[in-house]
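All remarks here apply to the structure that follows.
Residue numbers (the numbering used here): 65 to 266.
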């Protein structure tokens, strides 16, 4: 947050309602900005949420029903199905910093070495800082994998969202950064076609 690069980058909204009723501004407000180096993407997220809720201490149990930031990344911007493969990733980053996605065996797995997170909260505003190492579709769980080296003009599929749950058994809202057509807007964890495209510039 203190890095001067953030003074040179633009805020983008997280104002697309993917699940639930559109929340009142008193309950939720979200925005993000990004920068990069050859080694990683850096994402700064500001969330206004009056209740931070973490009902499941097991990070692999119903992780989507706790408050979390979800980062969607498609290294080659190819789109397509990625539910149980590494064509793209859907990283659920919990309040405690655990990072969950589904592996090729249809099981949840921690990807804490892919995304590092720092969160600071004052009153009802949380600042989340992320360092995301990008991997492409050659990634294999349990193997030695080389991350993608990022470069100028590179295009990546990207979206970001926030699961908001105040005190309910299931999440109450899911607010994303991109418009998703159709009735079922909870498609990001399945289909990378709904991601936006970012272009890396200097």
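Cβ coordinates follow ideal geometry from the N, Cα and C atoms, glycine included. As the structure is a prediction and not an experimental result, all values here were calculated from the model.
Classification of residue i by the beta-carbon crowding that lies within 10 angstroms, buried from 16 upward
i	result
residue 123	buried
residue 243	exposed
residue 208	exposed
residue 106	buried
residue 224	buried
residue 138	buried
residue 168	exposed
Cα-Cα separation, residue i to residue j
i	j	result
residue 246	residue 99	31 Å
residue 173	residue 265	32 Å
residue 96	residue 108	5 Å
residue 239	residue 186	21 Å
residue 92	residue 228	8 Å
residue 85	residue 196	30 Å
residue 212	residue 177	14 Å
residue 210	residue 129	32 Å
residue 222	residue 250	15 Å
residue 111	residue 183	10 Å
Simplified DSSP assignment, three categories, for residue i
i	result
residue 257	helix
residue 100	strand
residue 129	helix
residue 69	helix
residue 86	coil
residue 123	coil
residue 193	strand
residue 237	strand
residue 156	strand
residue 167	coil
Nearest-angstrom beta carbon gap, residue j and residue i [assumed within contact, 8 Å]
i	j	result
residue 164	residue 127	5 Å
residue 215	residue 102	7 Å
residue 254	residue 147	5 Å
Open item on the list: Measuring CB atoms only, is the region 113-132 touching the region 196-211, in the sense that at least three cross pairs come out at less than 8 Å?
Closed with: Not touching, per the Cβ criterion.
Open item on the list: With a threshold of 8 Å, are at least 3 pairs of Cβ atoms found where one atom belongs to the region 152-162 and the other to the region 65-78?
Closed with: Under the Cβ criterion (8 Å, minimum of three pairs), the region 152-162 does not count as touching the region 65-78.
- [ ] Mind the definition here: the region 74-87 touches the region 141-154 only if three or more C-beta pairs lie below 8 Å; say whether that holds.
- [x] Flag = no, the region 74-87 and the region 141-154 do not touch.
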